[in-house]
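Here our numbering is used: the first residue of the sequence shown is 8, the next is one more, and so on. Quick reminder that beta carbons are idealized off the backbone N, C-alpha and C, glycines included.
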Amino acid sequence: MKLLLAFVLWISMSFMLFAQDNYYTVTAEKGDGIFSILRKQGLDPVKYYEAFITLNTRDIKDGSMLHVGREYRIPKAMDSFKNTGVRVQIAEGTENPIFDTELATMSHKSKTLKDAVYYLIAENQTREENKFVSDISKSLAADLMVHGATVFIIENKDEKFANSESLTEVEKMGWYVETINKRYLQNTGKYQRLLIIRANGLIKNGNMDVAVYHHNKSEKGQRFAQNIQNVFKENSISNRSYKDINMIFKDKNSLYLAKNTLPAVSLLTIDGSSKTVGKDGISVHSDKKSFASLITNGILKDYADLEIEN
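What follows is the structure, encoded as structure tokens:
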């Protein structure tokens, strides 16, 4: 009998421990309902509504009302926006969700990109002139995530690391390679692409030139670049013909990434100087949000083309 009771107790405790691994707790705030508290945690409220009810039955009043100041159990979910949008600091080796307070306004639009993984690098984000590309990367990440994609923003805000004289450029770029390849292998079998967004000088909303480059030995990178490029061509404010544009990597850093990272790489450059707009690349008039949407459209087109081929 004692053995039976001990066995039952062990089973019960194991179940409790296992159950606790499937949720975490947050405190309900004024105005929170089931939908809002789930959305603020990056979860699809329709998909996880029943799971929330099951975990919190005793703490829900009148079927759907929550008590302000009381803790509620939130289901752990791999498809939470907190898990599908990750900011990686390479020098520190840390990972954090890209979005926090913004989660309340995000909602899933489709599962189109559920098997896609994107790596975004906004170069020199610590410099004031490149705040534009940093904001674009964040908007782009959100646009891709609501269609089911997993997005990693790879950045380095450690100025000591970036300006270290004890490290060569190859060693510095090696950190990017290691960071990206590690996650690539963790997502083996999925469609994966790396996009570098680089600002040349001060960029503001308005007229700018856009160029999209690829590695000459990467068919996937070339198609990825061309699909993004084609969307900008369609939205160009210039009457110039862009039929023969075929931009190849020339700078050492981009070439190093293209040769050593596992996902196909494309580079998008933005030039907002009034002296150069219209002379090279594709001339567009845009703001941050619209600019990110144009890139998203090109990425969706690239993924759709691949799906058609397969």
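Three-state class that DSSP yields for residue i in the structure shown
i: ASN103; result: strand
i: GLU226; result: helix
i: ILE60; result: helix
i: ILE97; result: coil
i: ILE256; result: At residue 256 the sequence reads Phe, which differs from the Ile that was named. Of the three classes helix, strand and coil, the one that applies to PHE256 here is coil, per DSSP.
i: SER290; result: strand
i: ALA299; result: helix
i: ILE41; result: helix
i: THR283; result: Residue confidence for THR283 is low, a pLDDT of 47 falling below 50, so the modelled location carries little weight; the figure read from the coordinates is stated next. Coil, per DSSP.
i: VAL238; result: helix
i: GLY305; result: helix
i: LEU313; result: helix
i: THR157; result: strand
i: GLU36; result: coil
i: LEU120; result: coil
i: LYS1; result: Because the chain here runs from 8 to 317, residue 1 falls outside it and cannot be looked at.
i: GLU130; result: coil
i: LEU24; result: Its pLDDT being 38, under 50, LEU24 is placed unreliably by the model, and nothing is read from it.
Terminal residues of the beta strand (DSSP E) in which residue i lies
i: PRO82; result: 78-82
i: LEU274; result: 271-278
i: ASP216; result: 213-221
Enclosing alpha helix (DSSP H) for residue i [first to last residue]
i: GLN48; result: Neither: GLN48 is in no alpha helix (DSSP H) and is coded neither H nor E.
i: GLU185; result: 176-193
i: ASN207; result: Premise fails: ASN207 lies in the beta strand (DSSP E), 198-207, not in any alpha helix (DSSP H).
i: SER261; result: 259-267
i: ILE143; result: 138-152
i: THR91; result: 88-91
Alpha-carbon to alpha-carbon, residue j and residue i
i: LYS68; j: ASP39; result: 13 Å
i: LEU120; j: ARG247; result: 33 Å
i: ALA35; j: GLN48; result: 12 Å
i: LYS89; j: ALA156; result: 12 Å
i: LEU274; j: TYR31; result: 39 Å
i: ARG94; j: LEU264; result: 19 Å
i: PHE42; j: TYR125; result: 28 Å
i: SER173; j: THR195; result: 34 Å
i: GLU226; j: VAL33; result: 47 Å
i: GLU178; j: ILE187; result: 15 Å
i: GLU162; j: ALA129; result: 7 Å
i: GLN229; j: ASN223; result: 7 Å
i: ALA98; j: PHE159; result: 15 Å
i: SER297; j: ASN212; result: 10 Å
i: LYS344; j: THR64; result: Lying before the first or after the last residue shown, residue 344 is absent from the chain, which here runs from 8 to 317.
Option in the options with minimal Cα separation from residue i
i: ASN267; options: GLU185, HIS292 and PRO104; result: GLU185
i: LEU241; options: GLY228, SER290, ASN212 and THR175; result: Residue 241 is actually Glu in this sequence, not Leu. Selected option, being the one with the closest Cα: SER290.
i: ILE44; options: THR101, GLY213, THR91 and THR112; result: THR112
i: ASP258; options: ILE203, ILE306, TYR310 and ASP312; result: ILE203
i: SER293; options: LYS197, PHE106, TRP182 and VAL217; result: VAL217
i: TYR220; options: SER261, GLN199, GLN193 and ALA206; result: SER261
i: VAL75; options: LYS37, ASP28 and GLY100; result: LYS37
i: ASP107; options: LYS118, THR175, GLY288 and GLY92; result: GLY92
i: MET254; options: SER245, THR276 and PRO270; result: THR276
i: ASP100; options: ILE306, LYS164, ASN207 and LEU201; result: The question names Asp, yet the displayed sequence has Gly at residue 100. The residue with the shortest Cα to Cα distance from GLY100 is LYS164.
beta-carbon residue i near the ligand MG non-hydrogen atom, thresh 7 Å
i: ARG247; result: For the ligand MG, the structure offers nothing, since it holds no ligand at all.
Contact between the segment 288-305 and the segment 230-238 (3+ Cβ pairs under 8 Å): yes
Meets three-Cβ-pair contact criterion under 8 Å: the segment 68-82 and the segment 143-150: no
Given 8 Å, three or more beta-carbon pairs between the segment 37-55 and the segment 80-100: yes
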